[in-house]
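Novice:
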Amino acid sequence: MPRRSRTKFVAVVVLLVVVVVVGGVAYLGWRQSVGTPTVTATPPAAVGAKTPLQFAVAAARGNVARAEVRVNQGGTPVVVARHETPAAPRVDLRATLEGASGVREGSAALEVWAVDDFWRPIRIGERMAASYPVTIDLTPPRLDVAGKTPYVAPGGAGVVIVRVAEAAQVETRVGALAFPMFPLGPEGTRVGFFALPYDFGAGTPIAVAAQDAAGNAASRGLSAEVLPRRFRADRIEVKETFLQLKVPELLPQHPASAPLLDGFLVINRDQRRQAEEEKRRVAARTAATPLWEGAFLQPRNTKVFSNFAETRTYVYQGREIDTQVHFGFDLASTKQAPVPAANKGVVAFAAPLTIYGNTVIVDHGLGLMTLYGHLSSIGVKVGDAVTRGQELGRSGTTGLALGDHLHYEVLVHGVSVTPVEWWDARWIRDRITEPLKAAGVDVGALAGAGDAARAAPRASPR
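In the working numbering, the protein residues as written are 99 to 560.
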């Protein structure tokens, strides 16, 4: 081989060797540099025995071969979650401290240890992928009942006062319903109104429950006596002229070729349900302090056309087509009569509300609200502070109204209760303000509710 060719050959071989060596070193260096598993998690600052903990562990390359969650309090770490098989690019670790032996209250670190199966020239074993400082709290909050309404009836309301320490959330539970409680009065005191829906019977469990920031819970049953109460029933004839008037108004998208009765049933069922849902949404924005004082104003010189929790059977051309429950009172006097606010408060809603037409809802604080429906006009706006007796609008026929009247409701956290109780100064004194005062809560102006007890309302549920 000529010298020049041999030299060229050697150079090529050397170059290839260099490329292979450099490339191999670079490849091995890349494999060695691939990151170890990472963790995504946002554990709470305070952790209790039942606090759910979740950690997502992901491998940069390959699979997560093993992962553990450990509680480190300076001694031997306690493993509370482990994943070993099957290996996967991402694994989710879920854990609680319930049953974890050796975990104590106080400061701790939640450590996530992991190892992947990605090959590296120099093996990297299991290592800590993340650490989160937390405070472990395993003690349920102390909860004592300081006062309550002694008697409650279906469709009625009551108040509960508790003393609680270190609780983030306190509520009264009536069956499956939960009614929030608010800080009011001496330190550690929570006050809350609750409702017993019209269709809840004597066996309904009533309790108060508290939960702290770490998820520790405590509860106490209430021995409130449930009194019997009956409600009326009525039959309403649905006429064709009424359908011709109301279906296009309340359901404009209803096809002209479709039966008006079908549209009425959509209104009476679906729009009624939508209104109930909106009431609950409005109730969630209540003030955390009482805004009202004294007994609630019963509109004067009005005739009662329908009672609270009245079961209505709708009849069309001689056949029963629907059954619904009427919440509130229907009160009528003259056409477009002034509608007064029942008590002091803040306007929480002022707009059309499906079957109720033009509607105003006034928030009186602590979840207590009053609703005024079928108005021909609205004279207030959301956020307005109103006084007892202030005009909110005028009565009318908007919504699913047969004639000019006011639909009036009292709501406790969105649940309709009988207005009769709140019209009665003696009831407010005996069932609301006296339990508050006995528990050391300064009721202020609310105490005046019992100073001018009025005669029994003109209509009440049976």
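The beta carbon of each residue, even a glycine, is placed where N, CA and C say it ideally should be.
Using the C-alpha atoms, what's the distance from V116 back to M226?
Specialist: As a position in the sequence shown, residue 226 is number 128, starting the count at 1. As a position in the sequence shown, residue 116 is number 18, starting the count at 1. Their Cα atoms are separated by approximately 38 Å.
Novice: Looking at the strands, I want to know which residues DSSP matches up with S475.
Specialist: Taking the sequence shown and counting its residues from 1, one reaches residue 475 at position 377. Answer is R492, bridged to S475.
Novice: Would you grab the beta carbon distance between V380 and F447 for me? Rounded to a whole angstrom, and I think it's under 8 Å.
Specialist: Against the sequence shown, residue 380 aligns to sequence position 282. Against the sequence shown, residue 447 aligns to sequence position 349. Yes, they are in contact, since the Cβ atoms of V380 and F447 sit about 5 Å apart, within 8 Å.
Novice: Let me know the beta strand (DSSP E) ranges lying completely inside the segment 138-208, each 3 residues or longer, listed in chain order.
Specialist: Uninterrupted beta strand (DSSP E) stretches at least 3 residues long and entirely within the segment 138-208 occur at 151-156, 162-170, 176-181 and 188-193, given in chain order.
Novice: Between which two residues does the alpha helix (DSSP H) carrying A536 extend?
Specialist: Working through the sequence shown from its first residue, we reach residue 536 at position 438. Element bounds for A536: E532 to A536.
Novice: For T105, name the three-state secondary structure that DSSP assigns.
Specialist: For the purposes of this step, residue 105 is taken as residue 7 along the sequence shown, with counting starting at 1. Assignment of T105 by DSSP, reduced to helix, strand and coil, places it in the helix class.
Novice: Counting only the same chain and skipping the five closest in sequence on each side, list residues whose C-beta sits under 6 Å from that of E166.
Specialist: Residue mapping note: residue 166 aligns to position 68 of the sequence shown, counting from 1. These residues qualify, in order along the chain: V177, R180 and W211.
Novice: Return the first residue and the last residue of the alpha helix (DSSP H) that L282 is part of.
Specialist: Reading the sequence shown from its first residue, position 184 is the one you call residue 282. Counting along the chain, L282 falls outside any alpha helix (DSSP H), and DSSP gives it neither H nor E.
Novice: What number of angstroms, rounded off, separates the C-alpha of F298 from the C-alpha of A385?
Specialist: Indexing the sequence shown from 1 puts residue 298 at position 200. Indexing the sequence shown from 1 puts residue 385 at position 287. Spanning the two alpha carbons is a distance of roughly 27 Å.
Novice: Between the beta-carbon of P239 and the beta-carbon of A276, is there less than 8 Å?
Specialist: Looking up residue 239 in the sequence shown gives position 141. Looking up residue 276 in the sequence shown gives position 178. Contact: no.
Novice: Taking 8 Å as the CB-CB limit, is P346 close to chain B?
Specialist: Any reference to chain B falls outside this structure, which holds one protein chain only.
Novice: Within a Cβ cutoff of 6 Å, which residues of the same chain sit near S474, ignoring the five residues on either side of it in sequence?
Specialist: In the sequence shown, the residue the question calls residue 474 occupies position 376. Same-chain partners within the cutoff: Q434, R492 and G494.
Novice: Would you check if the distance between the CB atom of S71 and the CB atom of N399 is smaller than 8 Å?
Specialist: Because residue 71 is not part of the residues shown, which for the chain are 99 to 560, the question remains open.
Novice: Cutting at 6 Å between CB atoms, please list the residues of its own chain near P284, excluding the five before and the five after it.
Specialist: If you number the sequence shown from 1, residue 284 lands on position 186. These residues qualify, in order along the chain: G538.
Novice: Specify, as a first and last residue, the run of the beta strand (DSSP E) that A446 falls within.
Specialist: Taking the sequence shown and counting its residues from 1, the one referred to as residue 446 is at position 348. Element bounds for A446: G443 to P450.
Novice: Which runs of the alpha helix (DSSP H) at least 4 residues long sit entirely within the segment 400-469? Give them in chain order.
Specialist: none
Novice: What does the alpha-carbon distance come out to for the pair V484 and L490?
Specialist: Sequence index remark: in the sequence shown, residue 484 carries index 386 (1-based). Sequence index remark: in the sequence shown, residue 490 carries index 392 (1-based). Between V484 and L490, the C-alpha separation is close to 8 Å.
Novice: Using only CA atoms, which one of E323, G290, L349 and Q351 lies nearest to L464?
Specialist: Working through the sequence shown from its first residue, we reach residue 464 at position 366. Selected option, being the one with the closest Cα: G290.
Novice: Should G648 go down as buried or exposed, given a rule of 16 or more other Cβ atoms within 10 Å for buried?
Specialist: Residue 648 cannot be examined here, being either before or after the span of the chain that is shown, 99 to 560.
Novice: Looking at A439 and R486, is the spacing between their C-beta atoms short of 8 Å?
Specialist: Residue mapping note: residue 486 aligns to position 388 of the sequence shown, counting from 1. Residue mapping note: residue 439 aligns to position 341 of the sequence shown, counting from 1. Yes, the pair counts as a contact, with Cβ atoms nearer than the cut-off.
Novice: Which residues in the same chain as F403 place their Cβ atom closer than 7 Å to its Cβ, once the five residues preceding and following it in sequence are excluded?
Specialist: The sequence position of residue 403 within the sequence shown is 305, counting from 1. Closer than 7 Å at Cβ, skipping near neighbours: D428, A430 and H503.
Novice: Taking the runs of the beta strand (DSSP E) that are 3 residues or longer, which of them lie wholly in the segment 249-314?
Specialist: 254-262, 267-272, 275-278, 287-294 and 304-309
Novice: Could you check the C-alpha separation between D214 and T194 for me, to the nearest Å?
Specialist: In the sequence shown, the residue the question calls residue 214 occupies position 116. In the sequence shown, the residue the question calls residue 194 occupies position 96. In a straight line, the C-alpha of D214 is about 24 Å away from that of T194.
Novice: Pull up the DSSP beta-bridge partners for L241, would you.
Specialist: Reading the sequence shown from its first residue, position 143 is the one you call residue 241. Residue pairing by DSSP places L241 opposite V262 in a beta bridge.
Novice: For the candidate residues V108, S321, G273 and T421, whose alpha-carbon lies nearest to that of D332?
Specialist: Here residue 332 is taken as the residue at index 234 of the sequence shown, counted from 1. Looking at the Cα atoms, T421 is the closest of the given residues.
Novice: Output the distance between the C-alpha atoms of T134 and V118, rounded to the nearest integer angstrom.
Specialist: One-based indexing of the sequence shown puts residue 134 at position 36. One-based indexing of the sequence shown puts residue 118 at position 20. Roughly 27 Å between the two C-alpha positions.
Novice: In this structure, how does DSSP classify P388 when only helix, strand and coil are distinguished?
Specialist: Working through the sequence shown from its first residue, we reach residue 388 at position 290. In this structure, P388 counts as coil in the three-state DSSP scheme.
Novice: At 4 residues or longer, what runs of the alpha helix (DSSP H) sit wholly inside the segment 317-400?
Specialist: 338-348, 358-364 and 370-381
Novice: Would you mind reading off the limits of the alpha helix (DSSP H) that contains R524?
Specialist: Position 426 of the sequence shown, counted from the first residue, corresponds to residue 524. First-last of the alpha helix (DSSP H) with R524: A523 to I526.
Novice: Cα separation between K246 and H511?
Specialist: Sequence index remark: in the sequence shown, residue 246 carries index 148 (1-based). Sequence index remark: in the sequence shown, residue 511 carries index 413 (1-based). Straight-line Cα distance between these residues: approximately 17 Å.
Novice: Beta-carbon within less than 7 Å of A609's beta-carbon, same chain only, minus the 5 sequence neighbours each way: which residues are those?
Specialist: Outside the shown range of the chain (99 to 560) lies residue 609, about which nothing can therefore be said.
Novice: By DSSP, does L504 sit in helix, in strand, or in coil?
Specialist: For the purposes of this step, residue 504 is taken as the residue at position 406 of the sequence shown. Three-state DSSP puts L504 in a strand.
Novice: Give the DSSP-derived three-state secondary structure of A227 in the structure shown.
Specialist: One-based indexing of the sequence shown puts residue 227 at position 129. In the structure shown, A227 sits in a strand (DSSP, three-state: E or B).
Novice: Spatial neighbours of I459 within its chain, please: CB distance less than 6 Å, with the 5 preceding and 5 following residues excluded, ordered by chain position.
Specialist: Numbered from 1 along the sequence shown, position 361 holds the residue referred to as residue 459. V380, A446, F447, M467 and L469, listed in sequence order.
Novice: Counting Cβ pairs, one atom from each stretch, are 3 or more of them under 8 Å apart for the segment 123-131 and the segment 187-207?
Specialist: no
Novice: Would you give the residue range spanned by the beta strand (DSSP E) that V513 belongs to?
Specialist: For the purposes of this step, residue 513 is identified with residue 415 of the sequence shown, where counting begins at 1. Looking at the DSSP string, the run of the beta strand (DSSP E) that includes V513 is V513 to V515.
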